[in-house]
Amino acid sequence: MRGQRGSRARQHGGRRRRTSGRRVRAARDRSRPWPGGTCAGPPRESSIARRSRLPLAGARGSLPRMATGTKDGGNGRIPASIRSLRWILFALLFAAAVLTLVGVPELARSVAMGGWPRATIAVPLAILALFIAGYAGYRFVLVRAGRYSAGKALVQVGLMVLVLGVIAGVVIELAQAYRVDRAGTPIDLTAPLRSEAPEVRAIAAELARHRPRESAVRLVPRLIELLDDPSPSVRREAHASLVALAGRDLGAEGPEAAERWRRHWGGAARR
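Rendered as structure tokens:
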């Protein structure tokens, strides 16, 4: 009986030890951070794998930040004077646009009517050219600093120069059109120079020297005849027109004055 009891106790004790051992191993496996590992540490990896393995977190933050605005290798710095130049360019562009769209017709009309000098018509073009020059300098500085593409800057400046040429052509044609409209068809002075009223003859003789030379020269024979006109004002204006056309004075008084003028213009016609 004692032997049976001892053997049963040994069997129960071995069973209890095996059960407790399994429980300990299960708890130990649950506490391991990697499956299939041992308490000695994580599985070892090769040196090549360690060098090629990227960091698990903070990869973007660990990379150095790229310098902004240095696409062409510049230092990315823009002088303060160049930054303030932008406002000046805006003002020039606004002035050029207003003068070109609104002021050019009025300036062309005033120049054609003689109210302004002919150089006034070039004021809008000069302001636009000044804006283009300033814009080209501004873009050049940005390209040097690496803040802008050189190709884009070149294309923009080229287009602006093309627009300047087109506007210049339009302004010139507009000024010529106003000049032609103002000139129109001139009144023929042949009939007024033969008018019975001395005031009309005097005014016609005065207007003769203000006509284009080609049309005024055709009036010279009648102006020479008016040197013997009974009206002093007619003789004075006819003599002034002959002097203006000839460039020198051959005399207005005396019986031979008209003959001297005829010889002069006859020799000029033969030359």
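52 is the number that numbering that gives the first Met the number 0 gives to position 53 of the sequence shown; each next residue is one higher, with no gaps. From the three backbone atoms N, C-alpha and C, an ideal C-beta is built for every residue, glycine too. The model shown is predicted, which means the values in this text are computed figures rather than measured ones.
Assigned exposure category for residue i - 16 Cβ within 10 Å defines buried
i: Val219; result: buried
i: Ser240; result: buried
i: Glu198; result: exposed
i: Glu252; result: exposed
i: Pro123; result: buried
i: Ala182; result: Confidence in Ala182 is poor, its pLDDT being 49 and thus under 50, which makes the residue's placement too unreliable to answer from.
i: Glu258; result: exposed
i: Ala79; result: exposed
i: Trp86; result: exposed
i: His209; result: exposed
i: Leu207; result: Checking the sequence, you will find Ala at residue 207 rather than Leu. With 16 or more Cβ atoms within 10 Å of its Cβ, Ala207 is classed as buried.
i: Glu213; result: exposed
i: Leu91; result: buried
Reduced DSSP category for residue i - H, G, I as helix; E, B as strand; rest coil
i: Arg261; result: helix
i: Gly164; result: helix
i: Leu158; result: helix
i: Ala144; result: coil
i: Arg209; result: The identity of residue 209 in the sequence shown is His, whereas the question assumes Arg. Three-state result, His209: coil.
i: Ile81; result: helix
i: Leu127; result: helix
i: Leu188; result: coil
i: Ala251; result: coil
i: Leu218; result: coil
i: Pro197; result: helix
i: Gly284; result: Summary: the structure shown does not reach residue 284, with the chain confined to residues 0 through 270, and so no result is reported for it.
i: Trp86; result: helix
i: Ser109; result: helix
i: Pro116; result: coil
i: Asp227; result: helix
i: Gly72; result: At Gly72, the pLDDT of 49 sits below 50, so the modelled position is not reliable and the matter cannot be decided from this model.
i: Ala256; result: helix
Through-space distance from residue j to residue i, alpha-carbon basis
i: Ile131; j: Ala203; result: 51 Å
i: Tyr147; j: Phe139; result: 9 Å
i: Ala256; j: His263; result: 11 Å
i: Ile81; j: Tyr137; result: 7 Å
i: Pro116; j: Gly145; result: 46 Å
i: Val110; j: Asp248; result: 33 Å
i: Glu105; j: Glu224; result: 44 Å
i: Leu84; j: Leu129; result: 13 Å
i: Asp227; j: Ala176; result: 42 Å
i: Ile171; j: Arg108; result: 12 Å
i: Val103; j: Ile120; result: 7 Å
i: Ala125; j: Leu88; result: 14 Å
i: Leu158; j: Val142; result: 18 Å
i: Pro231; j: Arg217; result: 23 Å
i: Val233; j: Ala118; result: 37 Å
i: Arg200; j: Ala174; result: 34 Å
i: Arg261; j: Gly246; result: 15 Å
i: His238; j: Leu244; result: 10 Å
i: Arg221; j: Ala215; result: 11 Å
i: Thr189; j: Gly250; result: 23 Å
i: Val160; j: Asp187; result: 46 Å
i: Thr69; j: Val162; result: Because the pLDDT at Thr69 is just 48, under 50, the model does not fix this residue reliably, and the point stays unresolved.
i: Leu100; j: Leu127; result: 12 Å
i: Ala149; j: Tyr134; result: 13 Å
i: Gly205; j: Glu236; result: A small fix is needed here, since residue 205 is Glu in this sequence, not Gly. When rounded, the distance between both Cα atoms is 5 Å.
i: Pro211; j: Pro229; result: 28 Å
i: Val242; j: Gly265; result: 15 Å
Distance cut-off 7 Å: residue i Cβ against heavy atoms of the ligand SAM
i: Asp228; result: Inclusion of the ligand SAM in the displayed structure is not the case, the ligand content being empty and no account of it being possible.
* Take every Cβ of the stretch 151–163, pair it with every Cβ of the stretch 96–110, and state whether three or more of those distances are shorter than 8 Å. => Touching, no.
* Is there contact between the stretch 190–197 and the stretch 158–169, where contact requires at least three CB pairs shorter than 8 Å? -> No: the two stretches stay apart, fewer than three of their Cβ pairs being nearer than 8 Å.
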